[in-house]
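Below is one structure; the comments refer to it alone.
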Ligand SMILES: [Zn+2]
Ligand SMILES: [Zn+2]
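What follows is the structure, encoded as structure tokens:
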């Protein structure tokens, strides 16, 4: 059993604990332990056998006991019990219909149904109302939700990283292609789709129904099925005849507006052949939002990125040391990496004082001796205080090689004050980049009341770049805002805001978001060599 298997089982256990309304801290502890196991360079099974597993962060006595059981017997008995008791298929269908986990299971028990299919039959037969607590209104809502199956959507969009994990995993298992919103790299994914090519669709549809990710099938016909995950997220599978596979992929990828402007679509075995038949150039999926038949620009490519300019280390809330981060960036083929830890005003985590900044500088210099010619940059993610001043004095900022300025606290400021606050910071001569400019958290917090047009003007005047933050809940600037920023003559930076070596892998999310804003390599500062970064603004 390798670390990945063990981590997956711990995650499954944590998810079931959540379903079962266990103490949320317990579930979170298991998720964190799974993360630790996944990132551990040492085989966990060996640590468990030698009794040393508790040396790892976040692994206490009770998690150790589960790990021992798993390593010795290959299973966690309580996990299997929970799986039986909680009926993930009913929970998945219930959540898809807008019911909580407990409620779904209660409803199923009251109706005496044991599968998603039986639940749907009971609904069709008008029996929902027999269940306690289901009035005519809830019944109507459930019936309406069951009716939506032709156009299945999750109740709220998925973060892009989660959507990729889900859709990419299913596509890989079925030897198909990811499609839908994921393939366009939308910041919040609603249409989750996979396209496969097969003359005989049935075995592929059967295999889909058996996948670990899919707990119930809510709709199926000859060449299409919709399954739901235990979170109630619907995933659509289209099994195209091989001679139409390209056609179905285009149809399942583009936005409705984009696709309908291309109709009627000719039959084609793959995408390029379809575009050829239409007599227009192939279009990168990121640009398939609005109708477009023209020649696409040579979009920024992940290979163009020469370094990452925003990451954290153990000096603030990162998980790895400065040197470990540097090594990981060098392994990715980068020329440079800016270490940008927080400053004290950030509050929730430890921030660097002027003294810390200088001591960190010594550590970075020492790491650079090891890593040369790769280069760690002395950077900072400096808070912008409510009055627009920065959280470190200018003489400290002057020593640094890369200064990101960030609004963290006090985000609910009115528009005029917020815009002035940010403008003030951009006027500071040491600031090179504005981090996560709008401060939004997808599904969680709206954009700050910031006048972006004014911000772009000031950024252009001052030669300050705007970040495209690659954290999945942020993706800030968004693709639309990137497009506006580039139109205003502002440069952008694609960054990960990584808090671990693994987090450096989020560059793909940032690059794709910039591509959605039609960015080419010349628009992006960190496609430039180190000398351009060190050259100042
Ligand atoms: Zn930040
Ligand atoms: Zn950060």
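Numbering (the numbering used here), first residue to last: 249 to 785. Backbone N, C-alpha and C fix where the C-beta goes; we use that ideal spot for every residue, glycine too.
Of the heavy atoms belonging to ligand 2, at least one sits nearer than 7 Å to the Cβ of residue 745. Short of 7 Å from the beta carbon of residue 264, and not among the five residues preceding or following it, lie these beta carbons of its own chain, in chain order: 327, 330, 331 and 334. Just measuring C-alpha positions, the residue of 778, 548 and 431 sitting nearest residue 586 is 778. According to the DSSP secondary-structure assignment, residue 444 is paired through a beta bridge with 487.
Secondary-structure assignment with DSSP links residue 679 through no beta bridge to anything.
In this structure, residue 630 has its CB at a distance of at least 7 Å from all heavy atoms of ligand 2. In this structure, residue 407 keeps its C-beta atom at 8 Å or more from the C-beta atom of residue 746.
The continuous beta strand (DSSP E) containing residue 626 extends over residues 623-631. In the DSSP annotation of this structure, residue 335 is not part of any beta strand (DSSP E), being labelled neither H nor E. Contact between the region 487-499 and the region 441-449 is present: 3 or more CB-CB pairs across the two stretches fall below 8 Å.
Within the DSSP bridge table, the entry for residue 462 names no partner. For residue 650, the enclosing beta strand (DSSP E) starts and ends at 650-654. The C-beta of residue 677 has fewer than 16 other C-beta atoms within 10 Å across all chains shown, which makes the residue exposed.
Its Cα nearest to that of residue 533, the residue 520 stands out among 354, 583 and 520. Taking 7 Å as the cut-off, one finds no heavy atom of ligand 2 near enough to the beta carbon of residue 508. Straight across, the Cα-Cα distance linking residue 411 with residue 418 is about 11 Å. Burial state of residue 290 is exposed, judged by a 10 Å Cβ sphere holding fewer than 16 other Cβ atoms. By a beta-carbon distance limit of 8 Å, residue 340 contacts residue 480. Their separation comes to about 6 Å.
Beta-bridge annotation (DSSP): residue 584 is paired with 555 and 623. Distances from the CA of residue 380 to each of 352, 731, 695 and 402 were compared; the closest alpha carbon is that of 352. With fewer than 16 other CB atoms across the displayed protein chains lying within 10 angstroms of its CB, residue 782 is exposed. Distances between the C-beta of residue 560 and the heavy atoms of ligand 2 include at least one below 7 Å. In this structure, residue 726 and residue 744 do not form a Cβ contact; the two beta carbons are roughly 16 Å apart against a cut-off of 8 Å. By the Cβ-count criterion, residue 631 is buried, with 16 or more other Cβ atoms from all chains shown falling within 10 Å of its own Cβ. Linking residue 689 to residue 717 through their CA atoms gives a straight-line distance of about 11 Å.
Assignment of residue 644 by DSSP, reduced to helix, strand and coil, places it in the helix class. DSSP places residue 764 inside the alpha helix (DSSP H), whose first and last residues are 755-764. Of all alpha-carbon atoms in 752, 715, 754 and 474, the one lying nearest the alpha-carbon of residue 767 is that of 715.
Note on geometry: alpha-carbon atoms of residue 645 and residue 606 lie some 11 Å from one another.
By DSSP's assignment, residue 768 forms a beta bridge with 547. Assignment of residue 289 by DSSP, reduced to helix, strand and coil, places it in the coil class.
Spatial neighbours of residue 708 in its own chain (CB-CB distance under 7 Å, excluding positions within 5 residues in sequence) are listed in chain order as 736, 737 and 738. Distance from the CA of residue 699 to the CA of residue 268, rounded to the nearest whole angstrom, comes to 45 Å. When rounded, the separation of the alpha-carbon atoms in residue 723 and residue 750 is 17 Å. Per the C-alpha coordinates, the member of 669, 694 and 691 positioned closest to residue 682 is 669.
Taking the Cβ of residue 407 as the reference point, every heavy atom of ligand 1 lies at 7 Å or farther away.
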